[in-house]
Structure formats: C-alpha cells, structure tokens
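Structure first, commentary second.
There are 2 protein chains.
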Amino acid sequence: MKSQATSRERLLEAASELFYRDGVNIGVDALCKAAGVSKKSMYQLFRSKDEVIAESLAARGPYYNALLLPSPDDERPPRDRILAVFERQDELAAHDDYYGCPFVATAIELKNPEHPGSVVARHFKQALTDFFRAELIRGGADDPDTAAIQLTMVFDGASSRSVVRSQPLRGVGVQMAALVLEAAGLRAEHLAGHAH
Amino acid sequence: MKSQATSRERLLEAASELFYRDGVNIGVDALCKAAGVSKKSMYQLFRSKDEVIAESLAARGPYYNALLLPSPDDERPPRDRILAVFERQDELAAHDDYYGCPFVATAIELKNPEHPGSVVARHFKQALTDFFRAELIRGGADDPDTAAIQLTMVFDGASSRSVVRSQPLRGVGVQMAALVLEAAGLRAEHLAGHAH
Chain A
494 MKSQATSRER LLEAASELFY RDGVNIGVDA LCKAAGVSKK SMYQLFRSKD
544 EVIAESLAAR GPYYNALLLP SPDDERPPRD RILAVFERQD ELAAHDDYYG
594 CPFVATAIEL KNPEHPGSVV ARHFKQALTD FFRAELIRGG ADDPDTAAIQ
644 LTMVFDGASS RSVVRSQPLR GVGVQMAALV LEAAGLRAEH LAGHAH
Chain B
494 MKSQATSRER LLEAASELFY RDGVNIGVDA LCKAAGVSKK SMYQLFRSKD
544 EVIAESLAAR GPYYNALLLP SPDDERPPRD RILAVFERQD ELAAHDDYYG
594 CPFVATAIEL KNPEHPGSVV ARHFKQALTD FFRAELIRGG ADDPDTAAIQ
644 LTMVFDGASS RSVVRSQPLR GVGVQMAALV LEAAGLRAEH LAGHAH
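Going down the list, the sequences are from chains A and B.
Start counting the first sequence at 494; every next residue gets the next number (my numbering).
Start counting the second sequence at 494; every next residue gets the next number (my numbering).
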C-alpha cells in the first residue's frame, strides 16, 4: 500500500508540474516517465488521464492560492490585503516559468466546461472571488459582489497580458485593482482611518 | 498550381477552426483529415505544424477582429465605439462555440512567447489595444496609453471569466469598461455633447 501511495503522489506531483508547464495535452507516456511510474500503475491508480488532470489540479490548487493570498494573520486592512494579491501576481509574472493562472489555462486548454478538470478550475477561481468578496465586505464596499467579480477579471486580464506579451506587468494589475477598489468605495485614506 | 492553392486554403481554414475548437495540440493527422489534404501535401505547403499554427492564426486574425470592432464608418462617439467591442464580446460569449479570445488561447496553449503563433497572437492583441488607444485619444482621454491597456485587460478578464464559468457574461465586461472609461475622463454625458 505504501508504494502505491507514493506512486500516486509522484504522479500527481509530476502531472501538476507538466500540465502547467507544457499543457494538459501532454501524453500519458511523458507523464509516466517524468513520474517514474509505469502506465499500468497509472491506470491502476486513476481511471483515466482526465481524472489525473482533475486530481492533480485539485491537489495543487491550495498551493497556488496560498502563493497569492495574504495569510489569515496578516492584519493589514482589506484594501491592502486585496492589493497584496496583485502585487504577488506581479512578482510571479516576472518569472520565466510563469504561464498565467493555472486554473484559467486548464479551462482554456480543456475547452469543455463539464470536464472534471474544468470543474476544479472553476472551484478555485471562485475561491479567489470569494476572498475578494469577504475583504470587500469587511472594508465596507458599496457592491461587494460586483467588485469581487471585477477584481477577478483584473487578475485574469493581467495574467493573459503577462502570457501574451511575455513582459513584466510593471504594476498594471495593481493600478487597475486600485481603480476598482476606489470605485467600490475602498480608498487608501478611508481604510488607513479604519485600520485602528 | 490552382489545386495547390486550394489545398493551402483548405488547410488554413480547417486549422483555424480545429485549433480554436480543440486547441493547437491536435494532431497533424486529424488536421489533414478535416482539410481533406494528405500529410505529404501539407508538408509540401508548410515547413512544419508550427508554421500552420502561425499562418492559420494570421489568416483568421483579421476576421476575429472584424467580429469585434465597429466598422470605420460607424460614426458614434469614441466611448460608444469602445463599449461596442464589449457588447459584441458579450454576444459572442453567449454561444456554446465560444472558447475565449483565440489569440490569448493560442499563447496560453503554446507556452512559448517565441513560437511564431505566439508572435501572431501578440500582434493581434496589440491591434485591439491600438484601436482602444486611437478612440481614447479621439475622445480626449487623460492617459490613453494606460486606459487602452486597462480596456484590453477588461476584455481578456471577461474572456477568461466566460471560459471558466461557461455562463453568459451578462454585461460584466461592458460595465467594467465603462468604469475604465469614466476614470479616463470619457463620460457618457461628456461624449454625447461631443457627438455633434
């Protein structure tokens, strides 16, 4: 049992890395080779490659979001906690191994909203929107539902820009998030006043 | 010569459709089958599949942009001409056969900014930004360069949202574009005044 668990872990680890770097269309042979697992073992552990796509994204998703979101004990005001996501995106996008939001990339590559991998992608994008919404409510936003969707769109727009141009974002996402926050009534001064 | 030209056209047509619908990773066999062209003919016409990817996107790009952009003889004021792009996107995204912006999808799938297909994708995304910028200047925007990038990000964010959620956009892109335009100084009233 122990060696099966290890094969599973190695497969999920290799899958999440290769699918992000090369796309979900890489072959099962390349995946098994990278994981050091036989195809036979893979099909004993997973019913299909589609299941590997969904399971590996589900396993890696919390890590991707943890890279972006401020920790719960970060006590800065909501506006700063929201902008921190875009500052972090700016840093990530400056690296050569950034290929955009892994959830959006998976959904775009699969081209099928019913695919289990697309369902997982939708779940984690919703988690980001939910984070924005909770912070917006805490910050007294006028319309937190709309602003949370807009912030998610800024994030995805900046991610697409980064992939298409392959250049650093240089704050375009942070600036635009600040514009959305201002329109929602979360201004820098206002929140500085609320922080204490 | 005539039958070679026809094979080329059939290949480019089939390629642009299949690459958009199924992704650029579909095999050469499937592509040739759909085009009704032998693999041998394909490799006489194109040096590689990569060249087919780039050429088919270059051939289809003007059509994609024409779907979105108002015609040059559409004499509405700049703000309306810009918002028309987002209204059109809203309509396109409501269809089942919408898989997001084809240029962004190609760049995300290729994962290589130097690939000739990524270069073509970048060119056409820049054309959209250039359209926004020209209209913003005509409308007297405060900072047309920044606002043009922001509008492109709204467009790509809405496109990603459409793919991830697989639901109609219901005006979220149009609303957010209006927010960017207002921040840039292009207000509905202001422009109504300029229209005559």
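Ideal Cβ placement from N, Cα and C applies to all residues, glycine included.
Below the 7 angstroms Cβ cutoff, chain B contributes 659 as neighbours of residue 606(A), in chain order.
With contacts defined by Cβ atoms closer than 7 angstroms, residue 549(A) and residue 509(A) form a contacting pair. Inter-segment contact for the segment 635–654 of chain A and the segment 645–653 of chain B is present: three or more beta-carbon pairs are separated by less than 8 angstroms. Along the length of the segment 560–600 of chain A, whole alpha helix (DSSP H) runs at least 4 residues long occupy 571–586, reported in chain order.
Assignment of residue 516(B) by DSSP, reduced to helix, strand and coil, places it in the coil class. Rounded to whole angstroms, the gap between the alpha carbons of residue 612(B) and residue 596(B) is 10 angstroms. Counting C-beta pairs with one atom in each stretch, the segment 615–622 of chain B and the segment 607–625 of chain A have fewer than three that are closer than 8 angstroms, which means they do not touch. Identification of chain A residues near residue 596(B) by a Cβ-Cβ cut-off of 8 angstroms yields 657, ordered along the chain. Between residue 602(B) and residue 602(A), the gap from beta carbon to beta carbon is short of 7 angstroms.
At the C-beta level, residue 571(B) and residue 628(B) come within 7 angstroms of one another. At a cut-off of 7 angstroms between beta carbons, residue 643(A) contacts chain B. For residue 608(A), the three-state secondary structure derived from DSSP is coil. In the pairwise beta carbon analysis, the segment 652–666 of chain B is classified as not touching the segment 659–666 of chain A: fewer than three pairs are separated by under 8 angstroms. Residue contact check for residue 654(B) against chain A: a CB pair falls below 7 angstroms. Two segments are said to touch when three or more pairs of C-beta atoms, one from each, lie closer than 8 angstroms; by this definition the segment 519–531 of chain A does not touch the segment 550–569 of chain A.
Proximity of residue 593(B) to chain A, defined by a Cβ-Cβ separation below 7 angstroms, is satisfied. In this structure residue 499(B) is exposed. Its beta-carbon is surrounded by fewer than 16 other beta-carbon atoms within 10 angstroms. Within the same chain, no residue comes within 7 angstroms of residue 680(A) by CB-CB distance, once the 5 residues on both sides are set aside. In the displayed model, residue 644(A) falls within a helix according to three-state DSSP. At a cut-off of 7 angstroms between C-beta atoms, residue 543(B) does not count as an interface residue with respect to chain A.
In the three-state reduction of the DSSP assignment, residue 661(A) falls in the coil class. With a 10 Å radius around the Cβ and a threshold of 16 neighbouring Cβ atoms, residue 514(B) comes out exposed. Between residue 671(A) and residue 634(A), the C-beta gap is not smaller than 7 angstroms, which leaves the two residues out of contact.
Non-local C-beta neighbours of residue 673(A) in its own chain, meaning closer than 8 angstroms and more than five positions away in sequence, comprise 640, 643, 644, 647, ordered along the chain. Residues of chain A whose Cβ lies closer than 7 angstroms to the Cβ of residue 546(B) do not exist, since the nearest Cβ in that chain is about 13 angstroms away. The shortest C-alpha to C-alpha distance from residue 624(B) to any of 578(B), 533(B), 653(B) is the one to 578(B). For residue 629(B), the nearest beta carbon of chain A is not closer than 7 angstroms to its own beta carbon. Neighbours of residue 618(B) in chain A, taken as residues whose beta carbon is under 9 angstroms from its own, are 653, 654, 657, 658 in chain order. Collapsing the DSSP output to three states places residue 679(B) in coil. Contact between residue 547(A) and residue 610(A) holds, with the beta-carbon distance rounding to 5 angstroms and staying under 8 angstroms. Counting only runs of at least 3 residues, the segment 615–643 of chain A fully encloses no beta strand (DSSP E) element at all. Secondary structure at residue 534(A): helix, using DSSP grouped into helix, strand and coil. Annotation for residue 599(A): 512, 517, 546, 550, 610, 611, 613, 614 place their beta carbon closer than 8 angstroms to its own, counting only its chain and skipping 5 residues before and after. Around residue 614(B), the beta-carbon contacts reaching into chain A at under 8 angstroms are 657. Contact between residue 653(A) and residue 653(B) holds, with the beta-carbon distance rounding to 6 angstroms and staying under 8 angstroms.
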